[in-house]
Amino acid sequence: MAMQKKKEHPKTCGLIDTIFSWSLDDVQNKNLYKNKVNEIPETFLSTDHYFKSFITPLAEETRADLLSSMGTLFRAPLCKILDVKQSKRFKLPNDLFYSISVLRDGPKETEDESEDEDDHGNKHSQKFQYDPQVGDLFALTDVKPRCIAHLNRPKRPYTIAVILRNENSKLGIVSSKPIPWCKEGKQRGDKQRDTLFAVCLTNLTTNIRIWNGLNPDPIHGNFNIISQVLQENPSVEPDCNICSTETKSGVILMKSRILISRFGLDHSQRDAVISCIAARECHHRNTVKLIWGPPGTGKTKTVASLLFALLRIKCRTLTCAPTNIAVVGVTKRLMSLIMPTLQYDTYGLGDIVLFGNEERMKIDDHEDLYDVFLDYRISELESCLYSSTGWISSLEFMMSLLEEPEDQYRRYVDRAKDEICSDNSSNDKEDEKRRENCSGGNEGTGKKRTPRNIILQTVKVNKGNNEKGGIADSKVEAEVISNANDIMTFEEFIRKQFSKLSEQLMSCLKILYTHLPTRFIRFQTAKDMIKLIDMLRNLKALLDEVLVFRKCLSGSFHKTVSAGKQPGMLCKLCETKAGCLCMLKLLSQTFSIPDLTCGIKYFCLQNASLIFCTASGSAKVNVEGTAPMEMVIIDEAAQLKECESCIPLQLSGLRHTVLIGDEKQLPAMVQSKICENAAFGRSLFERLVMLGHPRHLLKIQYRMHPSISLFPKREFYGNKIVDGPNVKIKSYDRRFLKGTLFGSYSFIDVPNGIEATSDKGSKTNMAEVFVVAEIIAMLSKVSITTKQKIRVGCISPYKAQAFLMQEKLGKKYSTDVDSNFSVNVRSVDGFQGGEEDVIIISTVRCNGNGSVGFLSNLQRANVALTRARHCLLILGSGATLTKSSTIWKKIVIDAKSRGCFHCASSDENLHQAIKESFTKPAQRETLLTSDDDPRERLASQLAAISLTDEVPSTSQRFHRITDGDRHHEKKQFSGGIWMRK
């Protein structure tokens, strides 16, 4: 295997040192950085001012993240530590580096054994078989903690550590203080030592990368793009005078227009793509382009078309997004454009690399991405280049088989004879005699000497020379005869060897032309490889046909016999064999394995034209020796904290950046209230828009029925976008349920719902839960009766409500979007970027004073109202929302003015559902709203509830994680020193 680049010892960063300086009291102190975090300005004086503006807020946000995870310690994954040793870098007092080994595949504990109470007295089971990852911050403790009290023990304090390396069975860590377990007399093998566990608290990888991005190398760092975003930009971007006089860029733009014309882009999408390509062709300045993509305007299609054009002009581009799911989404859209255009199978995919966490990307669910996924590519190339059955050996063996088949067969027979004679020899002298007999000639026998005859003759000779005879010798004779009969004939040998080698060779050929970048495998070479695969398949078919009908190759596989002397089928076989051999020799001369001394991973990243990863993951691209990156495209840029965008914006060689997003939708999540008030969650996209930076608006929406898009277009986008022709046609008006109440757009008033508050501060409304369940049941019946494919999304701003809706629906409906009827339940935040045929919104709030809390957020309302394609049903208390004086008041008034406001009780099914919501679930509501001690409340309420009510535990109800949910869970706990001061 090629030598890998030597890995340097990882160094800790200032963020880790900052975390290690906190005490437990510091972590729980929400005001620790209150007077240290300043509001992040809109413009900056220098790059130094820019970077420093984010450092303290990042520390505060890290503290808030840690506080949240510590509050749910009973759910933290853990594993047992087997050994702890000081590393070579260990040096007191601060360089506390250790090497530890953990039990990765130990037996799982049963739920009863691992169950314990949290701080509220609720029972939970803890996750075991934790698989540690680089960047994990974990607690070292001699107990399996289920609550904070188990850690906060004055005489047995715990230690925290961060994983810096994960190699084989060893973890390289740095700890906040010396680990007591690693003392003289407490080493491995000491039965008196304490048991030690690693309890994962959070992962710091992203925050560490951001911290490093905010503390760049002032000498070798690339600040070209950063310098462009410091100050306010002009409202109009002037054309580059130099580029406007050059003809080369004009030719490239013309070709790009022709290239993307096949994708059916509208004029706004096409203009955005061409503008970005024109910027790339300018080598005289650095640019930052903004593409504004409101919901349903084909943002992902536009990005994929741009990437397709950049791939064709070999522009080295990094495409990133805030999440792995978003990265996979844009990669899949690009692949849908590329695959139909490939001229020769999968040749050309080697120029595309997708990398990231395989589990979080759910790559197993996306087989169409295997050929561009980095981990898969590495394993494929390793099997092809370094295996004994790889390219070099398979090529040589195949050429040898086709050139000298008799020699190959002779060697095979000799090996077989040696093995048989050796296995059955009784002593050295007798073995030598048998070997001599085995190699005897056929002079004077008058019989054809086949391998089987030779060995059978050997048996007779040995039998005659053996004086002992008897049963034992008869067994030996029988065994030798059996082994002799197992030796293949020439035809059997050729057929088996060719089949085996051709499979290996064809696999290697496909791997090479699929996974190697095109700069290392010429177009003609790829054509030759594909041609050889066809020739090998043809030769195998001919070989099988000949052996079936003729039982003998009759010299057609012999080098000395020419094709012209063979009749019919054998002549064709001989010619095809000669063609394969010629092509094999040609490839051996024209293609050579590229230099992979740096390792396959770095080789792929260095030579790809398009790279896809998260914004945080782009830190891996900026390694020493990596080829410069011309352009960075950030998808969903409005959901990315500006400080996180600093990571890809400093890539070596970067000259141009394209940001695609919509600041009218939800921004990045921020845990800390202090950071939220300081605009820490604001994106670079939003800040540039605030400063008047020009942007390309995608003007046509293709998702929503006109009755659904009417309000968002007017309220959020100032009527700057219009409906596409596809949503205006009559067939797009799909009303799945009968009655005016279930039109394309409808506000369904549920006036008698009871607004309840969970232990976490989240809101629920059981009446709306039952109404949602009834509507879905009605839709399901329609789908079954009419055999229509219907996709339904149920969303609510509140996580607790989303959970109760899921609980009510149970597992009755499929969540697979490919099924005939699917239902997906999420929070509004978790549904950003999604769309369904029918969307049902549960607004939850129902009170007399018009209080709606964070429901009033314009961006959250925009996301909720723009997910539906054909039907949008909004459930809520019209009276409460009207009193709120928020965006929801406008929604209610708009619905009434358009005749789309209906009372739920006007439908008999919904009326009955509301009545049912006030019976059995009454006790459940009490559980949610009571303010007394949670343990006493659970004991008294659970005792009063019938087992048939199927009441979930508090942990089941409110601890389930919903993708993208932004509800901040906070916990209070007592102090105690746990980290280095």
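Counting from 876, one number per residue, gives the positions in the sequence shown under this note's numbering. Idealized CB from N, CA, C, for every residue including glycine. These figures come from a predicted structure and were not determined experimentally.
Residue i, DSSP secondary structure in three states
| i | result |
| --- | --- |
| S1815 | Unreliable placement is indicated for S1815, whose pLDDT of 37 sits below 50; no coordinate value is reported for it. |
| L957 | strand |
| F1098 | coil |
| E1682 | helix |
| K966 | strand |
| C1669 | strand |
| K1322 | Interpretation of K1322 is limited by its pLDDT of 44, a score under 50 that renders its predicted location unreliable; the figure taken from the coordinates is listed afterwards. In this structure, K1322 counts as coil in the three-state DSSP scheme. |
| M1506 | strand |
| C888 | coil |
| S928 | helix |
| N906 | coil |
| V1703 | coil |
| L1740 | helix |
| I894 | helix |
| N997 | With a pLDDT of only 47 at N997, under the threshold of 50, the placement of this residue in the model should not be trusted, and no figure is reported. |
| R1810 | Any reading at R1810 must be qualified, since the residue scores a pLDDT of 37, below 50, and its modelled position is unreliable; no value is offered. |
| N1199 | helix |
Limits of the beta strand (DSSP E) - the one that residue i falls within
| i | result |
| --- | --- |
| N1724 | Counting along the chain, N1724 falls outside any beta strand (DSSP E), and DSSP gives it neither H nor E. |
| T1077 | L1071 to N1078 |
| T1660 | That residue, T1660, is in no beta strand (DSSP E); its alpha helix (DSSP H) goes M1641 to T1661. |
| I1362 | From DSSP, I1362 is part of no beta strand (DSSP E); its letter is neither H nor E. |
| L1747 | A1743 to G1751 |
| D1624 | Y1620 to D1624 |
| L1046 | K1045 to S1050 |
Given residue i as reference, the closest of the options once Cα atoms are compared
| i | options | result |
| --- | --- | --- |
| I1188 | D1289, M1506, G1010 and P952 | M1506 |
| K955 | P968, I1768, D1282 and I975 | I975 |
| A1858 | A1179, A1184, P1672 and K1174 | The requested residue 1858 is not part of the displayed model; the chain covers only 876 to 1856. |
| F1395 | C1455, F1466 and C1449 | F1466 |
| V1647 | G1599, D1691 and V1698 | V1698 |
| K1539 | I1405, G1528, Y1592 and R1155 | Y1592 |
| P1053 | D1141, Q961, T1077 and G1047 | Q961 |
| I1879 | L1414, S1584 and T1177 | Here the chain covers residues 876 to 1856 and nothing more, so residue 1879 does not appear. |
| L1039 | L1485, D970 and N1099 | D970 |
| P1469 | I1522, M1404, T1393 and L1485 | T1393 |
| R1578 | V1713, A1179 and A1512 | V1713 |
| V1421 | S943, N1724, E1367 and G1774 | E1367 |
| F1272 | T1221, F1373 and K1605 | F1373 |
| Y1607 | P1523, I1583, K1595 and L1376 | I1583 |
| Q1514 | D1704, C1550, E1378 and I1623 | D1704 |
C-beta atoms of residue i and residue j nearer than 9 Å
| i | j | result |
| --- | --- | --- |
| I894 | L1012 | yes |
| V1597 | K1613 | no |
| C1746 | G1618 | yes |
| L1079 | I930 | no |
| V1644 | K1683 | yes |
| S1492 | N1097 | Per the sequence shown, the amino acid found at residue 1492 is Gly instead of Ser. Not a contact, by the Cβ cut-off of 9 Å. |
| T1172 | Q1676 | no |
| I1166 | C1151 | yes |
| T1451 | L1414 | yes |
| E936 | S1547 | yes |
| R1744 | H1580 | yes |
| T1192 | L1182 | yes |
Host alpha helix (DSSP H) of residue i (start-end)
| i | result |
| --- | --- |
| L1015 | Counting along the chain, L1015 falls outside any alpha helix (DSSP H), though it belongs to the beta strand (DSSP E) covering D1011 to T1016. |
| L1276 | W1266 to E1278 |
| E1234 | E1233 to M1236 |
| K1476 | I1475 to N1482 |
| K1019 | Run containing K1019: none; DSSP gives neither H nor E here. |
| D1220 | D1220 -> no alpha helix (DSSP H), and no H or E assigned at all. |
| T1393 | Where T1393 is concerned, there is no enclosing alpha helix (DSSP H), given that its DSSP letter is neither H nor E. |
| N1601 | P1600 to K1603 |
| K1548 | K1548 to N1552 |
Could you check whether the segment 1625-1638 touches the segment 1652-1659, counting it as contact only if at least three pairs of C-beta atoms, one from each stretch, sit closer than 8 Å?
No, the segment 1625-1638 is not in contact with the segment 1652-1659.
Check whether the segment 1274-1286 touches the segment 1238-1246, taking contact to mean three or more Cβ pairs, one atom from each stretch, closer than 8 Å.
At 8 Å Cβ cutoff, the stretches do not touch.
Mind the definition here: the segment 1664-1680 touches the segment 1535-1553 only if three or more C-beta pairs lie below 8 Å; say whether that holds.
Contact between the segment 1664-1680 and the segment 1535-1553 is not established, with fewer than three Cβ pairs separated by less than 8 Å.
Evaluate the contact criterion for the segment 1756-1770 versus the segment 1723-1734: three or more CB pairs, one atom per stretch, below 8 Å.
Pairwise C-beta distances place the segment 1756-1770 in contact with the segment 1723-1734, as three or more of them are shorter than 8 Å.
With a cut-off of 8 Å, do at least 3 Cβ pairs link the segment 930-947 to the segment 1563-1571?
With the rule of 3 Cβ pairs closer than 8 Å, the segment 930-947 does not count as touching the segment 1563-1571.
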